[in-house]
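**Student:**
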Amino acid sequence: MSPTVGLPADADELRSLADHQRALAGTVAPADPAWPRRYARLLLAADSGAIIVALAVAYFVRFFAGGEIAGGAPASYVAISAGFALLWLAALAIEKSRDRRIVGVGMTEYGRVWTASARLFGAVAILAFVVQFDLARGFVAVAFPAGVALLLVGRYAARRYLQALRRRGRALSRIVLTGSRAAVAELVAELARNPLAGYVVVGACIPGGDPAARASVAGVPVLGDLVDVPRGVHLTGAQAVAVAGSDQMTSSVLRALGYQLEASGTDLIVAPGLVDVAGPRVVMSPAEGLSLVHVDAPVFTGVRYAVKSLLDWSLALIAVLVLALPLAVLAVAVAVTSRGPVFFTQERVGRNGRPFRMIKFRSMRVGAEAEVDELADLNEGAGPLFKLRDDPRVTPLGRLLRRYSLDELPQLFNVLRGDMSLVGPRPPLPSEVASYDGRASRRMLVKPGLTGLWQVSGRSDLSWDEGLRKDVYYVENWTVLGDLLIMARTVRAMFAAEGAY
170 MSPTVGLPAD ADELRSLADH QRALAGTVAP ADPAWPRRYA RLLLAADSGA
220 IIVALAVAYF VRFFAGGEIA GGAPASYVAI SAGFALLWLA ALAIEKSRDR
270 RIVGVGMTEY GRVWTASARL FGAVAILAFV VQFDLARGFV AVAFPAGVAL
320 LLVGRYAARR YLQALRRRGR ALSRIVLTGS RAAVAELVAE LARNPLAGYV
370 VVGACIPGGD PAARASVAGV PVLGDLVDVP RGVHLTGAQA VAVAGSDQMT
420 SSVLRALGYQ LEASGTDLIV APGLVDVAGP RVVMSPAEGL SLVHVDAPVF
470 TGVRYAVKSL LDWSLALIAV LVLALPLAVL AVAVAVTSRG PVFFTQERVG
520 RNGRPFRMIK FRSMRVGAEA EVDELADLNE GAGPLFKLRD DPRVTPLGRL
570 LRRYSLDELP QLFNVLRGDM SLVGPRPPLP SEVASYDGRA SRRMLVKPGL
620 TGLWQVSGRS DLSWDEGLRK DVYYVENWTV LGDLLIMART VRAMFAAEGA
670 Y
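Numbering-wise, the sequence shown is residues 170 to 670 according to this note's numbering.
(1) Return yes when the Cβ of V625 is within less than 8 Å of the Cβ of T659, no when it is not.
(2) Let's test the definition: count the other Cβ atoms within 10 Å of the Cβ of A292 and tell me whether it reaches 16, buried, or not, exposed.
(3) For the segment 350-435, list the alpha helix (DSSP H) runs that are entirely contained and at least 4 residues long, ordered along the chain.
(4) Would a C-beta distance cut-off of 8 Å place G414 and C374 closer than the cut-off?
(5) Put Q301 into one of helix, strand or coil per three-state DSSP.
(6) Should T564 and R534 be called a contact, given that it needs their Cβ atoms to be closer than 8 Å?
(7) Measuring only the C-alpha atoms, how far is V371 from L211?
(8) Mind checking which residues open and close the alpha helix (DSSP H) that includes L496?
(9) Would you kindly report the start and end of the unbroken alpha helix (DSSP H) that includes K529?
(10) On the DSSP bridge list, what partners appear for L437?
(11) Under a three-way DSSP split, which group does M276 fall into?
(12) Taking the DSSP output, what are the residues bridged to L346?
(13) Check E264 in the structure and name its three-state DSSP category.
(14) Write down the C-beta distance between P597 and R612 rounded to the nearest angstrom, noting that I regard them as a contact closer than 8 Å.
(15) Just checking my contact of R638 with P617 at CB under 8 Å: how many whole Å lie between their CB atoms?
(16) Please list the segments of the alpha helix (DSSP H) lying wholly inside the segment 561-640, counting only runs of 4 or more residues, in order along the chain.
(17) Just curious, the alpha helix (DSSP H) that F313 is in, first and last residue?
(18) Mark P399 as exposed unless 16 or more other C-beta atoms lie within 10 angstroms of its C-beta, in which case mark it buried.
(19) Alpha carbon to alpha carbon, how far is V541 from R568?
(20) Assess, as a yes-or-no matter, whether the segment 346-354 is touched by the segment 403-414 under the definition of 3 or more beta carbon pairs within less than 8 Å.
(21) In angstroms, rounded to a whole number, what distance separates the CA positions of F313 and V396?
(22) Output needed for M679: all residues of its chain with C-beta closer than 7 Å, excluding positions within five of it in sequence on either side, in chain order.
(23) Within 10 Å of its beta-carbon, does G367 have 16 or more other beta-carbons around it, so buried, or fewer, so exposed?
(24) For a test of the three-state rule: what should DSSP assign to T196, helix, strand or coil?
(25) Note down the Cα distance separating L570 from V498, rounded to an integer number of angstroms.
(26) Buried or exposed: G651, going by 16 or more other Cβ atoms within 10 Å of its Cβ?
(27) I need the DSSP call for R270, collapsed to helix, strand or coil.
(28) Is the separation between the beta-carbon of S342 and that of Q408 shorter than 8 Å?
(29) Specify the secondary structure class of F513 as computed by DSSP and reduced to three states.
(30) Around the Cβ of R329, are there at least 16 other Cβ atoms within 10 angstroms (buried) or fewer (exposed)?
(31) Could you pull the start and end residues of the alpha helix (DSSP H) that R210 belongs to?
(32) Assuming E601 contacts K529 (C-beta within less than 8 Å), just tell me the rounded distance between them.
(33) Going straight from the alpha carbon of G662 to that of L392, what length do you get?
(34) The alpha helix (DSSP H) with V649 in it runs from where to where?
(35) Measure the Cβ-Cβ separation of Y279 and L654 and say whether it is below 8 Å.
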C-alpha cells in the first residue's frame, strides 16, 4: 500500500526535527527567498540597458551614415525604437528568460534570450510586410545582432556576479531531498560538485527503513520519513524539495506531495537521475497524461557539426591574420632567449583515433621529454598525465608563455589544417589513449580543441577524473552557442592565468 503524505503527529519526531534545524542553523547559508526577485530586477535593468544601447546605435548608424527612408523622417524612428524596446522586453518576459530556475547555470537562459529576440524580429518583419510599412533594413540589420550580443554579454556579466555571490554562500536556495538512501546520496554528491547551481541541502526524508538508522545520509541529516517532508520544509525554511528515486514514490504520492507544497510556494523538483546531460538534449513529451523524458543522442555529424567546422576554420583564419605580427614577435623571442627550435611538435590523437602533429611554441629546454623519468617522483598529477607546477625544464620565457597560454597560439594552424577545433576536449597523448576505458574514449568522437571546458574550468588544477568528466560532458552536449561562450570565457581565463603552468 502506498504511503500517504501528511504531517508527523509524534512529539518526539517533531522535537527531533527541531533539533536538526538548530544544528543546521550554524552550518548552512541563511535562507534568502528574496534573492530571485532582486536578481530578476538586476536582469531587467541589464536587458533594458542592452536594448536601449543597441537601438540607439542602430538609429545613429542607419540615419547619420547618410540617406533618408521612404517611410518617414528619422524622428519617427525614436517612437519606433521605444516601441521596439518595450516589445523586446515583453518577448524576453514571455519566453521566461529571467525564470529563477534557469538563470545562473546552463545554456537554457542564453537560448531563451536568442529565441525571444529572433521571434520578435521575425514577427516585426512579417507585420511590416503585411501592412506595407517600409522598415529601414539598415536599422534592423544593426539592431538585431547588436541587441542579441549586448543582451548575452549583460546576462554573462550578471551570471558572473551571481556565481560570485554563491561562492560566498549567498543567493542560495535551501532544498530538502527525498528518496532512497542511495539516490539521495548520489544527488547530494552531484549538488556538492556543482555549488554554482545554487542549492544547499538542508535535510533528507528517507521513505521506510529502520528509524534508528536515519541519523544522516552523505552527511545530511535525515528529517524523517516521506510523511515528514512538509514539516521538514517548514522547520528548515527550504524553498524546494527534490524527489530522487524510490519504490515508494508512486505517481499518486508525488501528486499528493505536490498539492501540499503548492500552498507554501515550495518548488517540487523531480531528479530523473540524468547526470551530465545538458538541457537541450532533454525533451519532455506528454503521453495520455504520462510525462516522458526523451534524451536526444549526441550529435557528431550532419549540418550542426558542419557549421561548427566552418566556424572553426573562419575564426581561426581571422585570428591568424589579426595575430600575425604578435605571432612573429613571439617566434623571434623564443628563438633568441633559448637554444633550440621555435616550435615544439608532438604527436597527439585526434578525432576517431587519428594521430596528428600538434604545434606549440617551445616553452621547455631541448631534450625535456627525455627528463620525465627523472622527475617522476615529483609528479603532482593523477592518472596518466604528468604535472609539475614548478617544472625545472621550463624556460623563463616559456613560463610567461604558459602563464597566459600564448604557447598554444600556433595550434590555430592545426585548426586550419582540420586536425583540431577551436573548442573541444584536450588533445591526448598516445600513451594516455592506450589506457582509456570506454567512457574516456568518447573524447575522440570530436576533434580536440585549442580551448574547452577543461581550460576555462581550472585547467592544470583539475584532477584527471574531473578533467575527463568535463571533456566527456562537452563531447555529449556541445552546441555552437556553447562554443562561442567557451571562447569568450577563454579570454578571461588567459588573463587570469588560472591553472596555467
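Ideal Cβ placement from N, Cα and C applies to all residues, glycine included.
**Tutor:** If we stick to the structure as given:
(1) yes
(2) exposed
(3) 350-362, 398-405 and 420-431
(4) no
(5) coil
(6) yes
(7) When rounded, the distance between both Cα atoms is 28 Å.
(8) Residues A493 to T506.
(9) That residue, K529, is in no alpha helix (DSSP H); its beta strand (DSSP E) goes P524 to F530.
(10) V410
(11) coil
(12) Under DSSP, L346 forms a beta bridge with A373 and A411.
(13) Secondary structure at E264: coil, using DSSP grouped into helix, strand and coil.
(14) 7 Å
(15) With a Cβ gap of about 16 Å, R638 and P617 do not count as contacting.
(16) 565-572, 580-586, 599-602, 607-610 and 622-625
(17) R306 to R336
(18) buried
(19) 18 Å
(20) Yes: the two stretches touch, three or more of their Cβ pairs being nearer than 8 Å.
(21) 52 Å
(22) Since the first residue shown for the chain is 170 and the last is 670, residue 679 is missing from the structure and cannot be characterised.
(23) It is buried - the Cβ of G367 has at least 16 other Cβ atoms within 10 Å.
(24) The predicted position of T196 is uncertain, since its pLDDT is 46 and thus under 50; a value taken from the coordinates is nonetheless stated next. In the structure shown, T196 sits in coil (DSSP, three-state: anything other than H, G, I, E or B).
(25) As the crow flies, the alpha-carbon of L570 is around 12 Å from that of V498.
(26) buried
(27) coil
(28) yes
(29) strand
(30) exposed
(31) Where R210 is concerned, the enclosing alpha helix (DSSP H) stretches over W204 to F232.
(32) Going by Cβ atoms, the distance from E601 to K529 rounds to 17 Å, so no, they are not a contact pair.
(33) This sequence places Ala at residue 662; Gly is not what is there. The straight-line gap from Cα to Cα measures roughly 42 Å.
(34) V649 to A665
(35) yes
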